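Structure, as structure tokens:
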Amino acid sequence: MILFAPNPTGSGHNMRALSIAQAIKKQRPDMPLTVALASLQPTFTPMFEKSGVEVVDIAGRLVDYSKKSNLSKELDWNNYIGGYIANTFLSGERILSYLALIAEYKPTALVSDYNMAACLAAIFSGTPLVFVTERYDFTLCQLEDHDLADGGFEVNALEMARARTALHSQFNWMINQSQLVLTDKPYVASLDQGTPVAEALVSGKAHFVGPMIRDINVQTGLNVREQLNLGDSPFIVASISGTTMFAQNKDALLAAYLDSFKILRERNPELKLVLLGRQDIQAQDGVVCVPYYPDWMGLLREASLLISAPGWITVTEIAALQIPTLFVLPSKSEYHELEALRRLELLGFPTHLGHDRDAIVELIQGELEKDTDASAYYAPHQQVAAPDGEGAARAATRIIELCQGSVVSLTESKAA
7 MILFAPNPTG SGHNMRALSI AQAIKKQRPD MPLTVALASL QPTFTPMFEK
57 SGVEVVDIAG RLVDYSKKSN LSKELDWNNY IGGYIANTFL SGERILSYLA
107 LIAEYKPTAL VSDYNMAACL AAIFSGTPLV FVTERYDFTL CQLEDHDLAD
157 GGFEVNALEM ARARTALHSQ FNWMINQSQL VLTDKPYVAS LDQGTPVAEA
207 LVSGKAHFVG PMIRDINVQT GLNVREQLNL GDSPFIVASI SGTTMFAQNK
257 DALLAAYLDS FKILRERNPE LKLVLLGRQD IQAQDGVVCV PYYPDWMGLL
307 REASLLISAP GWITVTEIAA LQIPTLFVLP SKSEYHELEA LRRLELLGFP
357 THLGHDRDAI VELIQGELEK DTDASAYYAP HQQVAAPDGE GAARAATRII
407 ELCQGSVVSL TESKAA
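In this text, residue positions in the sequence shown follow my numbering: the first is 7, and each later residue adds one.
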């Protein structure tokens, strides 16, 4: 039996766990799978259950990190470690919850998608650990104090240096204790050299497998244009869902998108905007608001352009599907996605930092005018979806091999 433990801080962690679970079921239909869900349970419980995965609601309450601010502007040990990391990633109560779950289910392996508490529980209990990660180190460890100051944070340099040292040590130890590390983020030397995951890639413990996403060939049969009343018009999809550090950043970005669209629609009256993640805005000509759309991939296939935050599960999906995308981060205060934005820029994707209306208008216009049939257009996408979009299947194969004893378990390695 395999126990999945996706981190509760974003839908991407749940989606990646679901994709790997589906791929395992495709290769080994008889293998029992359980997922410990700690966020967005109403959305994901039926999706996992439909895939033959037992669901345990480990949180016991609905958690959605996209609806509120999650960080203070004062970055010191008390606020960052005590108020954020200790509650969100390294909660003692949560570690004990996973230990109790492991004792009850006795899994052959635990698959953690960036879930630190579950990783620690697996290590403490001697359960073979598969660590699925889109990060090469703790986020803070790949950013400098000036990056944080540029985001409007008041940084206590001494205490944040201590925080980096502690978090890096914990992350490095966790990688060393894992039996298998899987990532969907391509290595970029200027960002990743010397990080724990980069070293694990060299040693052979970690593997870049490409996009760990749902089967892109599955068709839902939904008629996107008919359902959303889009007709034959060209349309842009703008996504403003996902974890935010500060709610005002999301509000500013929403306003910038709506104001930008007014100008773009004056230039092209046929253009429409599908706004994902909100439904509480005033009606605006040409704008369709949906809090959630079940056929996300079908929607993207029809769109002329996606505008999105650089959440990595989205990056891997658009890379596999070859969707024209502009990645926008409203502020450096959304520090958790700053490294991803830089990586995307280095890989050749169009990116923007800020929420200036005029800049966004011209960026969108420029993207809409690009020749998407040109051979070089999707070169950045191909670096992420390498060698293809079947990373979930490759991850599933390695996890199954671990469960079948092809990889030495933690207790055996300690005994040796």
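Ideal Cβ positions, reconstructed from N, Cα and C, are used throughout, including at glycine. Treat the numbers as computed from the prediction; the structure is a model and nothing was measured.
Sequence-distant residues of the same chain with beta carbon closer than 6 Å to residue i, five excluded per side
i	result
residue 400	215
residue 59	27, 39, 41
residue 148	345
residue 90	77
residue 159	79, 81
residue 191	140
residue 397	190, 215, 216, 217, 218
residue 265	363
residue 350	316, 333, 357
Bridge partner(s) assigned by DSSP for residue i
i	result
residue 12	119
residue 31	Looking at the DSSP assignment, residue 31 forms no beta bridge with any residue, so it has no partner.
residue 281	244, 295
residue 138	119, 188
residue 334	358
residue 62	42
residue 205	In the DSSP output, where bridge partners are listed per residue, residue 205 has none listed.
residue 80	160
residue 311	242
Per-residue DSSP class, three states only, for residue i
i	result
residue 381	coil
residue 343	helix
residue 19	helix
residue 329	coil
residue 221	coil
residue 212	strand
residue 160	strand
residue 26	helix
residue 324	helix
residue 287	coil
residue 194	coil
residue 392	coil
residue 410	coil
residue 133	coil
residue 228	coil
residue 180	helix
residue 55	helix
residue 235	coil
residue 199	coil
residue 266	helix
residue 72	Confidence at residue 72 is low in this model, with a pLDDT of 47, below 50, so the placement of that residue is unreliable and no value is reported for it.
residue 166	helix
residue 2	No information on residue 2 is available, as it lies outside the stretch 7 to 422 that the chain covers here.
residue 144	coil
residue 403	helix
residue 397	helix
residue 276	coil
residue 374	helix
Cβ shell of residue i (< 8 Å), same chain only, five flanking positions each side left out
i	result
residue 203	139, 141, 142, 143, 181, 187, 189, 212
residue 33	399, 402, 403, 406
residue 302	323
residue 96	122, 123, 126, 176
residue 168	83
residue 376	330, 383
residue 131	105, 108, 109
residue 246	256, 259, 260, 263, 281, 282, 283, 284, 315
residue 51	43, 61, 63
residue 235	294
residue 55	61
residue 354	385, 386, 389
residue 394	216, 326
Residue burial classification, residue i (beta-carbon count within 10 angstroms, cutoff 16)
i	result
residue 22	buried
residue 113	buried
residue 164	exposed
residue 53	buried
residue 334	buried
residue 391	buried
residue 67	Residue placement at residue 67 cannot be trusted, given a pLDDT of 48 that sits under 50; the coordinates are not used to answer.
residue 20	buried
residue 200	exposed
7 Å CB neighbourhood of residue i in its chain, flanking five on each side removed
i	result
residue 170	146, 147
residue 361	258, 259, 262, 336
residue 418	Reliability of the predicted coordinates at residue 418 is poor, the pLDDT of 42 falling under 50, and no value is obtained from them.
residue 373	311, 330, 332, 356
residue 378	330
Residue i: CB within 8 Å of a non-hydrogen atom of the ligand PLP
i	result
residue 237	Judged by which ligands are present, the structure shown has none, so any question about the ligand PLP falls away.
Proximity test, Cβ basis, 9 Å: residue i and chain B
i	result
residue 162	Absent from the structure is chain B; it holds one protein chain and no more.
Quiz item: Taking three-plus beta-carbon pairs below 8 Å as touching, is the stretch 100 to 107 in contact with the stretch 117 to 137?
Solution: Segment contact: the stretch 100 to 107 against the stretch 117 to 137, three or more CB-CB distances shorter than 8 Å; contact assigned.
Self-check item: Contact the stretch 377 to 394 vs the stretch 361 to 369: 3+ CB pairs below 8 Å
Solution: Note that the stretch 377 to 394 does not touch the stretch 361 to 369; fewer than 3 beta-carbon pairs, one per stretch, sit closer than 8 Å.
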